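Student: Let me begin by handing over the structure; questions about it come next.
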Amino acid sequence: MRHSTLIRSGVCVAAIIAGGAAWADVTPQDVWNNWKSNMSMAGPDVVQSASESTSGNTLTVSGLSLNFKNKQNDGTAKIDVGDVVFTGNGDGTVTVTVPEKMPFNMDMTDSSGSQTISADVIAAGMKMVVSGTPDAMNYAVSANRYGFALTGVTQDGDAVPTDATVNLNNVSANYLAKTGDMDGFTYSMTADTLDMLVESKDQQAGPFTLSGQIGQVAATGNVTMPKGMDMSNPSAAYAQGFAFQGGYTFGSANYLFSSDASDGKTDGTISLQDASLDAALSKDGLTYDTTVNGLKVSVTTSSLPFPINISMSQLAYGLTFPLSKSDTPVPYAMNVNLADVAVNEEIWSMIDPTGMLPHDPATAKIDVSGTATLAYDLMDPAQAAAAAADAPGEVNSVDLNDLNVAIAGASLTGTGHVTLDNTDMTTMPGMPRPDGSITLQLNGANGLLDTLVKMGLVPDDQAQMGRMMMGMFAKVVGDDQLTSTIEFTKDGQILANGQRIK
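The sequence shown lines up with residues 16 to 517 when you count with the working numbering.
Written out as structure tokens, the structure is:
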């Protein structure tokens with residue numbers, strides 16, 4: 016796939032910036048030998064250099080380039096690194112000097128046609144000093160600016176007028192590379208700001224501009240790599256023990272965007288208070304948690320006489336998912352939170368012109384976890400294809416840790432736990448037999464139904480049907496407050512508040 020070449024290119028650029036993995040000794044030649052070894056993980060014949068020369072304590076590699084091929088889309092990518100200088104400092108450390116500008120070119124062909132991308136990788140004012148012990152090398156890296164500048168894009172031979180730059184400013188990073196039964200490295204990085212600017216002057220699609228700045232950027236990570244790992248074969252690398260754990264945080268962020276397409280002009284802003292992401296990936300499973308706080312979006316279009324303003328106090332998503340075949344149940348989890356979602360009154364007036372509904376911010380939150388047993392190794396492409404054509408495994412239990420939905424004065428909350436017996440598919444034909452309970456509480460539903468009937472949005476007979484259904488499965492516990500406990504018994508019964516409904 017196209018992104019495979021991008022990933023392998025990125026691995027090698029990271030190796031250049033990080034100074035490679037663990038080195039047997041801190042000498043210029045050892046440094047260069049391990050650069051070649053580590054960058055070759057992206058595939059054979061990746062590293063090419065015109066010449067190597069040594070003068071005193073300095074090793075110069077001239078004309079270094081990194082070359083990649085992707086057989087799946089006839090894609091190629093090349094990074095012209097240029098001359099890299101490894102200088103022994105006489106105190107057991109090595110200074111590595113790389114060019115400020117490293118051209119990058121990519122060609123690819125797929126079902127959408129042929130594309131080329133040209134760019135410069137920028138390392139302005141970069142300083143890199145390697146120290147430590149043979150088995151644990153520390154790389155202290157700093158740069159005034161580290162970034163990416165797009166210099167050209169073509170589609171089927173035609174130039175696509177697009178400019179793009181992304182820059183990290185005042186960068187400070189540390190990398191600790193280790194060798195052992197498994198190689199690996201840990202890293203940390205901070206940057207004062209991240210700036211971006213994207214401009215497209217494509218007259219057919221219409222001009223488009225995106226600019227933004229992110230403050231207080233920080234990232235950490237831990238990578239484990241099997242010896243001799245080949246990143247051109249990711250599934251084999253993961254099977255051998257490749258694993259990643261890391262994340263990032265940043266402070267306030269502000270974006271501006273503008274487009275002028277044939278169907279009208281659109282302008283907008285996006286801002287947020289802070290954000291974070293934590294992720295881990297290995298052959299055993301994937302975890303992913305991201306949170307955005309204080310999100311605000313404002314859009315104006317030529318098709319509407321008023322702006323569209325949306326805000327929320329938090330937008331969060333989390334996932335824990337097993338990837339390896341297992342004989343015993345393993346954990347999974349998923350959570351989504353859209354907290355305090357608010358829109359401007361002009362939008363409310365489109366559905367509630369007389370202001371009969373409460374215009375309080377809305378919330379939608381669900382947090383589910385449990386255990387499952389996988390029948391396939393999903394990191395193996397052949398088994399993943401088989402899993403796509405069949406059930407990939409069995410769900411053994413489901414925990415509803417938190418359900419909270421609130422809108423227009425009504426709210427639904429709930430918790431519960433249910434186990435599933437996958438050996439019994441007859442008690443409830445076609446599905447495993449459940450055992451457990453779920454408790455739900457509904458507040459303000461009758462009041463909301465009354466208002467919707469008055470507004471003419473819900474027919475009275477449908478509202479009565481809804482009330483009848485609530486009466487069957489719930490009991491009144493207060494003023495417009497309903498609760499319901501749904502129980503699944505081992506003998507196949509389903510009870511609502513103790514009353515059998517199946």
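All residues carry an ideal CB built from backbone N, CA and C; glycine is no exception. Values in this document were obtained by computation on a predicted structure and should not be read as measured data.
Is it right to say residue 501 is buried, meaning 16 or more other beta carbons lie within 10 angstroms of its own, or is it exposed?
Tutor: Counted from its first residue, the sequence shown places residue 501 at position 486. Residue 501 should be labelled buried.
Student: Measure from the alpha carbon of residue 72 to the alpha carbon of each residue in 105, 60, 78 and 384, then state which is nearest.
Tutor: As a first step, residue 72 must be located in the sequence shown, where it is residue number 57. Comparing Cα-Cα distances from residue 72 to each of 105, 60, 78 and 384, the minimum goes to 105.
Student: Helix or strand or just coil, what does DSSP make of residue 227?
Tutor: Taking the sequence shown and counting its residues from 1, one reaches residue 227 at position 212. Residue 227: strand per DSSP, three-state reduction.
Student: My assumption, with CB atoms under 8 Å, is that residue 189 sits in contact with residue 159. Please give the rounded CB distance.
Tutor: Against the sequence shown, residue 189 aligns to sequence position 174. Against the sequence shown, residue 159 aligns to sequence position 144. Residue 159 and residue 189 do not touch by the CB rule: their CB atoms are close to 17 Å apart, not below 8 Å.
Student: Using CA atoms only, rank isn't needed, just tell me which of 197, 170, 167 and 209 is closest to residue 181.
Tutor: Here residue 181 refers to the residue found at position 166 when the sequence shown is read from its first residue. Checking every option, the nearest Cα to that of residue 181 belongs to 209.
Student: State the start and end residues of the unbroken beta strand (DSSP E) segment that holds residue 323.
Tutor: Along the sequence shown, one-based indexing puts residue 323 at 308. Start and end: 323-337.
Student: Between residue 453 and residue 431, is the Cβ-Cβ spacing less than 8 Å?
Tutor: Residue mapping note: residue 453 aligns to position 438 of the sequence shown, counting from 1. Residue mapping note: residue 431 aligns to position 416 of the sequence shown, counting from 1. Yes.
Student: What are the start and end residues of the beta strand (DSSP E) that includes residue 427?
Tutor: Within the sequence shown, numbered from 1, the residue matching residue 427 stands at position 412. Counting along the chain, the beta strand (DSSP E) containing residue 427 begins and ends at 425-436.
Student: Shortest alpha-carbon distance to residue 81 belongs to which of 74, 75 and 91?
Tutor: In the sequence shown, residue 81 corresponds to position 66, counting from 1. It is 91.
Student: Below 8 Å between beta carbons: does that hold for residue 277 and residue 223?
Tutor: Indexing the sequence shown from 1 puts residue 277 at position 262. Indexing the sequence shown from 1 puts residue 223 at position 208. Taking 8 Å as the Cβ cut-off, residue 277 and residue 223 do not qualify as a contacting pair.
Student: Here's a check: name, in chain order, each residue in its chain whose Cβ is nearer than 6 Å to the Cβ of residue 285, leaving out the five neighbours to either side.
Tutor: Here residue 285 corresponds to residue number 270 of the sequence shown, with the count starting at 1. Taking C-beta separations shorter than 6 Å and ignoring five residues to either side along the sequence, the partners of residue 285 in its chain run 270 and 312, following chain order.
Student: Could you check the C-alpha separation between residue 175 and residue 115 for me, to the nearest Å?
Tutor: Sequence index remark: in the sequence shown, residue 175 carries index 160 (1-based). Sequence index remark: in the sequence shown, residue 115 carries index 100 (1-based). Roughly 26 Å separates the two Cα atoms.
Student: Helix, strand or coil: how does DSSP classify residue 409 here?
Tutor: On the sequence shown, position 394 is the one that residue 409 refers to. DSSP places residue 409 in strand when its eight states are reduced to three.
Student: Going by C-alpha to C-alpha distance, which of 463, 442, 465 and 472 sits closest to residue 504?
Tutor: Position 489 of the sequence shown, counted from the first residue, corresponds to residue 504. The shortest C-alpha separation from residue 504 is found at 442.
Student: Could you tell me whether the Cβ atoms of residue 237 and residue 261 are closer together than 8 Å?
Tutor: As a position in the sequence shown, residue 237 is number 222, starting the count at 1. As a position in the sequence shown, residue 261 is number 246, starting the count at 1. Closer than 8 Å, so yes.
Student: How many angstroms separate the CA atom of residue 231 from the CA atom of residue 307?
Tutor: The residue you call residue 231 lines up with position 216 of the sequence shown. The residue you call residue 307 lines up with position 292 of the sequence shown. Approximately 15 Å, taken between the alpha carbons.
Student: Residue 392: buried (16+ other C-beta within 10 angstroms of its C-beta) or exposed?
Tutor: Here residue 392 refers to the residue found at position 377 of the sequence shown. Classification for residue 392: buried.
Student: Ignore the nearest five residues each way along the sequence and tell me which others in residue 112's own chain have a CB closer than 6 Å to its CB.
Tutor: Locating residue 112 in the sequence shown gives position 97, counting from the first residue. Annotation for residue 112: 100 place their beta carbon closer than 6 Å to its own, counting only its chain and skipping 5 residues before and after.
Student: Closest to residue 340 by C-alpha separation, out of 254, 375 and 417, would be which residue?
Tutor: Locating residue 340 in the sequence shown gives position 325, counting from the first residue. Among 254, 375 and 417, the Cα nearest to that of residue 340 belongs to 254.
Student: Looking only at C-alpha atoms, which of 376, 352 and 386 sits nearest to residue 335?
Tutor: Locating residue 335 in the sequence shown gives position 320, where the first residue counts as 1. Out of 376, 352 and 386, 386 has the C-alpha closest to the C-alpha of residue 335.
Student: Give the straight-line distance between the Cα atoms of residue 51 and residue 42, rounded to the nearest whole angstrom.
Tutor: Position 36 of the sequence shown, counted from the first residue, corresponds to residue 51. Position 27 of the sequence shown, counted from the first residue, corresponds to residue 42. One C-alpha to the other measures close to 15 Å.
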